[in-house]
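Student: Start counting at 1 in the sequence shown, then tack on 526, and there's your number in the working numbering.
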Amino acid sequence: FNCSSRMVLNISRESMARYGFSPATRVFEAAGAAACLITDDWEGIDSFLERGREIWIARSDRDVASLIQELSAERARETGEAARRRVLTDHTYQQRGRLVESILEDTLADTSSAAMEMRA
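1. Using a threshold of 9 Å, state whether the C-beta atoms of R610 and G578 are closer than that.
2. Where in the region 560 to 616 do unbroken runs of the beta strand (DSSP E), each at least 3 residues long, occur, reported from the N-terminal end onward?
3. Is the CB-CB distance between A561 and S531 below 9 Å?
4. Of all the options W582, A599, A608 and M642, which has the alpha carbon lying nearest to the alpha carbon of D647?
5. With distances taken from CA atoms, which of E643, L634, S639 and E576 is nearest V613?
6. Hey, out of R552, L597 and Y545, whose CA is closest to N536's CA?
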């Protein structure tokens with residue numbers, strides 16, 4: 527589905543958009559399939575993909591219509607490929623696993639240090 531469409535539209539649930547920094551799985555699925563993605567604007571999107579290069583932002587139905595009309599097939603393909611490269615570079619499960627592991631190790635080290643200080 528994602529790889530056969532010229533563009534993929536993502537509209538975040540209100541609860542996700544309100545808190546930000548919580549992209550739907552669809553964002554990464556579409557990017558991984560090198561699909562040109564149009565999404566609504568929410569806090570944190572810039573932490574994941576670059577506007578106008580790896581993802582397109584629409585704030586209204588008119589924005590969506592304009593993007594569909596104005597983006598050439600070539601530009602949509604370039605956007606999708608850029609998104610795919612970014613996701614494979616920065617946003618894989620393996621990378622997320624390493625990040626979680628690092629955070630847990632740091633937390634454990636901090637906890638162990640605090641416990642040793644309390645005993646001393």
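Idealized CB from N, CA, C, for every residue including glycine. Computed from a predicted model, the values in this text were never measured in an experiment.
Tutor: This is what the structure holds:
1. The residue you call residue 610 lines up with position 84 of the sequence shown. The residue you call residue 578 lines up with position 52 of the sequence shown. No, these two residues do not count as a Cβ contact at 9 Å.
2. Segments of the beta strand (DSSP E) lying fully in the region 560 to 616: 562 to 565.
3. By one-based count along the sequence shown, residue 561 stands at place 35. By one-based count along the sequence shown, residue 531 stands at place 5. Contact: yes.
4. Because the chain is modelled from 527 through 646, residue 647 falls outside the range shown and cannot be assessed.
5. Within the sequence shown, numbered from 1, the residue matching residue 613 stands at position 87. Sorting E643, L634, S639 and E576 by C-alpha distance to the C-alpha of V613 places E576 at the top.
6. Here the question's residue 536 lines up with position 10 in the sequence shown. With respect to the C-alpha of N536, the residue from R552, L597 and Y545 having the closest C-alpha is R552.
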